[in-house]
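Visitor: Numbering (this note's numbering), first residue to last: 12 to 140.
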Ligand code: HEM
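Structural data, given as C-alpha cells:
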C-alpha cells in the first residue's frame, strides 16, 4: 500500500519550469555559494601560504592579480562570500525564530540581496580595481 502511494507522487522533471520565489532563489544561491567557497578553500590557502613565503613570491602573486581571468575568479568568490555571509546571518535569525512569517521572510530576502550585492560591488572596487 505504501509502495503504491509513493509511485503515484507527482513528478516534475522540467526544472526550468519551476518558478521559485525570492527566498527560494536566495536559498539555492546560499548552497551554491557555500559549495563554491568550500571548493576554492584549498587554492586560497595555498595562494596565501605561497604569497607570504618571500617578497618575490608576493610580487609574483600580486602581478597575477592583474590578469582578467584571475580577477573574474576573485570577483565570483567575493560575491559568493558576501552572499553566503549575509544569507547565513538571515538563516541564523530564522533558526532563532526571528522573521519567520511570510512577509518578513520575503522582506529579509530582499534585504540580503540588496546588502550582499552592495558589499560585493564595494569590495570589487576596493580589492580588484
Ligand atoms: C569558509 C567559509 C564558509 C564555507 C566554505 C561555508 C560552506 C557552507 C556549506 C557548504 C553549507 C551547506 C549549504 C547547503 O547544503 O544548503 C553552509 C551552510 C550554512 N552556512 Fe556556511 N560556509 C562558510 C561561511 C559561513 C559564514 C561566515 C556564515 C555566517 C554568516 C555561514 C552560515 C551558514 C548557515 C547558517 C548555513 C546553514 C543554512 C541552512 O540552514 O540551510 N557560513 N555553509
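We treat Cβ as the ideally placed atom computed from N, Cα and C, and that holds for glycine.
Ordered along the chain, which non-local residues of its own chain (more than five positions away) have a Cβ less than 7 Å from that of residue 62?
Guide: Within the chain shown, numbered from 1, the residue matching residue 62 stands at position 51. So the qualifying residues of the chain are 68, 69, 72.
Visitor: Which residues bound the alpha helix (DSSP H) around residue 27?
Guide: On the chain shown, residue 27 is found 16 positions in, with the first residue counted as 1. Here residue 27 belongs to no alpha helix (DSSP H), and DSSP marks it neither H nor E.
Visitor: For residue 131, does the count of other Cβ atoms within 10 angstroms reach 16, so buried, or fall short, so exposed?
Guide: Locating residue 131 in the chain shown gives position 120, counting from the first residue. Label assigned to residue 131: buried.
Visitor: Quick check on residue 117: does DSSP put it in helix, strand or coil?
Guide: If you number the chain shown from 1, residue 117 lands on position 106. DSSP places residue 117 in helix when its eight states are reduced to three.
Visitor: Excluding five sequence neighbours on each side, which residues of the same chain lie with their C-beta closer than 7 Å to the C-beta of residue 105?
Guide: For the purposes of this step, residue 105 is identified with residue 94 of the chain shown, where counting begins at 1. Here the set comprises 111.
Visitor: For the alpha helix (DSSP H) containing residue 38, list its first residue and its last residue.
Guide: On the chain shown, residue 38 is found 27 positions in, with the first residue counted as 1. Looking at the DSSP string, the run of the alpha helix (DSSP H) that includes residue 38 is 33-62.
Visitor: Comparing the CB of residue 136 with every heavy atom of the ligand HEM, is any distance shorter than 7 Å?
Guide: Taking the chain shown and counting its residues from 1, the one referred to as residue 136 is at position 125. Residue 136 Cβ: outside cutoff for every heavy atom of the ligand HEM.
Visitor: Comparing the CB of residue 95 with every heavy atom of the ligand HEM, is any distance shorter than 7 Å?
Guide: Here residue 95 refers to the residue found at position 84 of the chain shown. Yes, Cβ of residue 95 sits closer than 7 Å to a heavy atom of the ligand HEM.
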